[in-house]
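Participant:
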C-alpha cells in the first residue's frame, strides 16, 4: 500500500512495456484501420531501415487492458506525489510538466470511464460470503466473487515477442 518500494516494484513489473502490441498482419485480428506509430519512435525518428516500411512502422495497436493499467498507474503516481510529496507538488501548476500531468489525468479518467461503461468484461459481484478470508472483505472491498484475470506474464511475453518480430522486419 502507498508509495512503498514493494508497491513500486509490483507496478513496475506490470507496466514495464508500452501499452501497445505489434501485429505483423492486423487483418488476422479483423483490423483494417492503420495502427499507431511504433511507440519507441514517438519522440525521435526511427532508424532509416525501419522508416523504409512506413506501413509496418504503424502496425502497433493499443491493447485496452494495458492502456487501462497504464492509466491507473499514472493516477496512482500523481496521487502519491500530491499526498506524500505535497510540498514539492503543485496540483495546478502551469509549467509544461504540470499541464501535461493535468491533461494526462483528464485523458485517463475519461479512458477509464469508457472502459467501465463500454468494456466487454462484466462480472456480477456479490458480498463476500460468510467464512470468506478477511482479505476478501477487510476495508469494504467485498470481493464476493473470484475474477478471471488475464495471464499478465503471458501477455507481457507475447508483447515482447511481437517487438522482436517487428525488429526482425528491419534489423537485418
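In my numbering, the protein residues as written are -19 to 152. Ideal placement from N, C-alpha and C gives every residue a C-beta, glycine not left out. Here the structure is a predicted model, which is why all the values come from computation and not from measurement.
1. What is the rounded straight-line gap between the Cα of residue 15 and the Cα of residue 9?
2. Among 57, 68, 133 and 114, which has the Cα closest to the Cα of residue -13?
3. Tell me, to the nearest whole angstrom, how far the beta carbon of residue 11 is from that of residue 41; I am working on the premise that it is less than 8 Å.
4. Could you check whether residue 0 and residue 49 sit closer than 8 Å to each other, using their CB atoms as the reference points?
5. Can you tell me where the beta strand (DSSP E) holding residue 21 begins and where it ends?
6. Please state whether the Cβ-Cβ distance between residue 37 and residue 18 is less than 8 Å.
7. Is DSSP giving residue 77 helix, strand or coil here?
8. Straight-line CA distance for residue -9 to residue -16?
9. Alpha carbon to alpha carbon, how far is residue 145 from residue 130?
Facilitator: If we stick to the structure as given:
1. 12 Å
2. 57
3. 7 Å
4. no
5. Premise fails: residue 21 is in no beta strand (DSSP E) and is neither H nor E.
6. yes
7. helix
8. 11 Å
9. 22 Å
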